[in-house]
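Protein chains in written order, with the numbering used here: chain A, 1092 to 1233; chain B, 1092 to 1233. Step one of this worksheet: look at the structure below.
There are 2 protein chains.
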Amino acid sequence: MAANSRLTVATHALAWLALAHRRGHEVLTSEQVAASVKSNAVIIRRSLGDLRRAGLVEVRHGAGAGWRLARAPEEITLLQVHDAVDARPPFALHHSEPNLECPVGRGIRPALSGVYGRVEGAMRRELAGATVADVLRETLTS
Amino acid sequence: MAANSRLTVATHALAWLALAHRRGHEVLTSEQVAASVKSNAVIIRRSLGDLRRAGLVEVRHGAGAGWRLARAPEEITLLQVHDAVDARPPFALHHSEPNLECPVGRGIRPALSGVYGRVEGAMRRELAGATVADVLRETLTS
DNA sequence: CCTCGCTGCAACAGTTTCTGTTACACCCTG
DNA sequence: CAGGGTGTAACAGAAACTGTTGCAGCGAGG
């Protein structure tokens, strides 16, 4: 159960907010979003809270409270969503520092950091090329 | 401690095998590799076992046992290493199936799979562009 | 002003994954 | 055939994520 579904949950929530708004619902509550994702309302609030801190959604308190997008779905990329909810890199270096008396142990960390940085850059470029509007459009055609 | 350092450990082991071979050591034992990585010999045997099943290293049993590369370090890409030791994708879909009565819940999984597949493809292309020889060269220049 | 619905957040349990450790059977070179 | 090293299973500990409960706080509307 430990695999990262945060980007999935957050994107699902955003797409649902976008569709509901288009259908005339001003806001959705975390319960309503949780019903579509089939998850817990607290999980959804945690995720939407991250998105709020990143400026991607807005929240309304009091009676008639709920969430809505803070900007058009065409202007929210999955990279922004990823950075908002999950900042963990795909690869980690050594847990304990390698043996510095070995030439490989001494120099391998910067060498691997370079490779990992390029991999992460490629990943980010791909995520930046997809928006919530793209996902929603593809979602509705299937 | 749960972050994935498997690709790091395996690449470190391969680079060390390559350098030791160049220096005249026919094979290295898992203890010798563990001394450079500063990890446990069993961890190294697990990692090298994965690489052996992928055909990237060879093992010799009996007295004078140990490990060596099965091919030139220029012909081992980090993508092969990654596939040998760690087949887990960076993003997961929903843990429990979303609500199929919601239009978003119904269609979002294939939509996200498409995006995630493109991201993974970009990652794999980048990993395929770096070899153990590249990493070793960069390691020794720092 | 007060009520009520929803958010915000802390605390905790359960699951999974990964590293590390011990133990032991097995293999094969010398 | 002896001994060093591999192969593998079993288990402990740490970390991350999801899920759950509980409760304080906010504010729109009566």
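In this text, a Cβ means the ideal position worked out from N, Cα and C, and glycines have one as well.
With C-beta atoms as the reference, is L1098(B) less than 8 Å away from D1177(B)? Working through the second sequence from its first residue, we reach residue 1098(B) at position 7. Working through the second sequence from its first residue, we reach residue 1177(B) at position 86. Result yes, Cβ atoms of L1098(B) and D1177(B) sit closer than 8 Å.
Quick one: Cα of A1183(B) to Cα of A1093(A), how far? For the purposes of this step, residue 1183(B) is taken as the residue at position 92 of the second sequence. For the purposes of this step, residue 1093(A) is taken as the residue at position 2 of the first sequence. Their backbone Cα atoms lie some 10 Å apart in a straight line.
Looking only at C-alpha atoms, which of R1144(B), R1197(B) and I1199(B) sits nearest to A1161(B)? As a position in the second sequence, residue 1161(B) is number 70, starting the count at 1. Answer by Cα proximity: R1144(B).
Mind checking which residues open and close the alpha helix (DSSP H) that includes V1148(B)? Taking the first residue of the second sequence as position 1, residue 1148(B) is located at position 57. Here V1148(B) belongs to no alpha helix (DSSP H); instead the beta strand (DSSP E) covers V1148 to R1151.
Just curious, the beta strand (DSSP E) that R1159(A) is in, first and last residue? Start at 1 with the first residue of the first sequence, and residue 1159(A) comes out as number 68. Counting along the chain, the beta strand (DSSP E) containing R1159(A) begins and ends at G1157 to L1160.
Quick one: is A1183(B) near chain A, going by C-beta distance under 8 Å? The residue you call residue 1183(B) lines up with position 92 of the second sequence. By this cut-off, A1183(B) is an interface position.
Closer than 7 Å, Cβ to Cβ, to anything on chain A: give me those residues from the region 1187 to 1198 of chain B, in chain order. S1187, E1188, P1189, N1190, C1193, P1194, V1195, G1196 and G1198
DSSP three-state assignment for T1102(B), whether helix, strand or coil: Numbered from its first residue, the second sequence carries residue 1102(B) at position 11. T1102(B): helix per DSSP, three-state reduction.
From G1115(B) to P1180(A), what distance separates their C-alpha atoms? Your numbering for residue 1115(B) matches position 24 in the second sequence. Your numbering for residue 1180(A) matches position 89 in the first sequence. Computed Cα separation, rounded: 37 Å.
Quick one: does G1205(B) have its CB under 8 Å from some CB of chain A? For this step, residue 1205(B) is matched to residue 114 along the second sequence. Closer than 8 Å to some Cβ of chain A, the Cβ of G1205(B) qualifies, so yes.
For chain A, is any of its Cβ atoms less than 8 Å away from the one on R1113(B)? Position 22 of the second sequence, counted from the start, is the residue given in the question as residue 1113(B). No - not a single Cβ of chain A is within 8 Å of the one on R1113(B).
In whole angstroms, what separates the C-alpha of E1117(A) from that of R1159(A)? Taking the first sequence and counting its residues from 1, the one referred to as residue 1117(A) is at position 26. Taking the first sequence and counting its residues from 1, the one referred to as residue 1159(A) is at position 68. Each residue's alpha carbon lies about 7 Å from the other.
DSSP three-state label for T1168(B), please. Residue mapping note: residue 1168(B) aligns to position 77 of the second sequence, counting from 1. Strand.
Can you name, in chain order, every residue of its own chain whose Cβ lies under 8 Å from the Cβ of R1216(A), other than the five neighbours on each side? For the purposes of this step, residue 1216(A) is identified with residue 125 of the first sequence, where counting begins at 1. Same-chain partners within the cutoff: there are none.
So which residues on chain B does P1201(A) lean against when the C-beta distance must stay under 7 Å? As a first step, residue 1201(A) must be located in the first sequence, where it is residue number 110. Simply S1233.
Beta-carbon separation of R1197(A) and L1203(A) under 8 Å? Taking the first sequence and counting its residues from 1, one reaches residue 1197(A) at position 106. Taking the first sequence and counting its residues from 1, one reaches residue 1203(A) at position 112. No, these two residues do not count as a Cβ contact at 8 Å.
Would you be able to state if there are at least three C-beta pairs under 8 Å between the region 1126 to 1145 of chain B and the region 1205 to 1213 of chain A? no
With a cut-off of 8 Å, does the C-beta of H1103(A) fall near any C-beta of chain B? Your numbering for residue 1103(A) matches position 12 in the first sequence. At least one chain B Cβ lies under 8 Å of H1103(A).
Compare the C-beta of V1118(B) against all C-beta atoms of chain A and say whether one is closer than 8 Å. Reading the second sequence from its first residue, position 27 is the one you call residue 1118(B). False, the Cβ-Cβ gap to chain A never drops below 8 Å.
Here's the rule: buried if 16 or more other CB atoms are within 10 angstroms of the residue's CB, otherwise exposed. What is C1096(A)? As a first step, residue 1096(A) must be located in the first sequence, where it is residue number 5. Here residue 1096(A) is Ser; the residue named in the question, Cys, does not match the sequence. With 16 or more other Cβ atoms within 10 Å, it is buried.
Check whether chain B comes within 8 Å of L1098(A), counting only Cβ atoms and requiring the distance to be less than that. Locating residue 1098(A) in the first sequence gives position 7, where the first residue counts as 1. Yes - at least one Cβ of chain B is within 8 Å of the one on L1098(A).
State the CB to CB distance for the pair A1111(A) and V1223(A), rounded to an integer number of angstroms; the pair is presumed to be in contact (CB under 8 Å). Position 20 of the first sequence, counting from 1, holds the residue named residue 1111(A). Position 132 of the first sequence, counting from 1, holds the residue named residue 1223(A). Incorrect: roughly 13 Å between the Cβ atoms, too far for contact.
Between which residues of its own chain and E1166(A) is the CB-CB distance below 8 Å, once the five residues before and five after are set aside? Indexing the first sequence from 1 puts residue 1166(A) at position 75. Cβ neighbours of E1166(A) beyond the five flanking positions: T1222.
Within 10 angstroms of the Cβ of P1189(B), are there 16 or more other Cβ atoms? Answer buried if so, exposed if not. Stepping through the second sequence from its first residue, residue 1189(B) is reached at position 98. Buried: at least 16 other Cβ atoms inside 10 Å.
Is any beta-carbon of chain B found at less than 8 Å from that of T1230(A)? Within the first sequence, residue 1230(A) is the residue found at index 139, counting from 1. Taking Cβ atoms only, chain B reaches closer than 8 Å to T1230(A), which makes this a yes.
Is it buried or exposed for H1173(A), if we count other Cβ within 10 angstroms and need 16 for buried? Against the first sequence, residue 1173(A) aligns to sequence position 82. Result: buried.
When the distance is taken between beta carbons, is T1102(B) closer than 8 Å to L1170(B)? Stepping through the second sequence from its first residue, residue 1170(B) is reached at position 79. Stepping through the second sequence from its first residue, residue 1102(B) is reached at position 11. Cβ distance not < 8 Å, so L1170(B) and T1102(B) don't count as in contact.
Figure out for me which residue from I1135(B), L1108(B), S1187(B) and A1154(B) has the closest Cα to the Cα of N1131(A). Looking up residue 1131(A) in the first sequence gives position 40. Nearest C-alpha to N1131(A): S1187(B).
Candidates A1125(A), L1119(A), K1129(A) and P1164(A): closest to A1154(A) by CA position: Numbered from its first residue, the first sequence carries residue 1154(A) at position 63. Closest by alpha carbon: L1119(A).
Residues of chain A with a CB under 7 Å from the CB of A1224(B): which are they? The residue given as residue 1224(B) occupies position 133 in the second sequence. Those within 7 Å of A1224(B) in chain A number zero; the least Cβ separation is about 11 Å.
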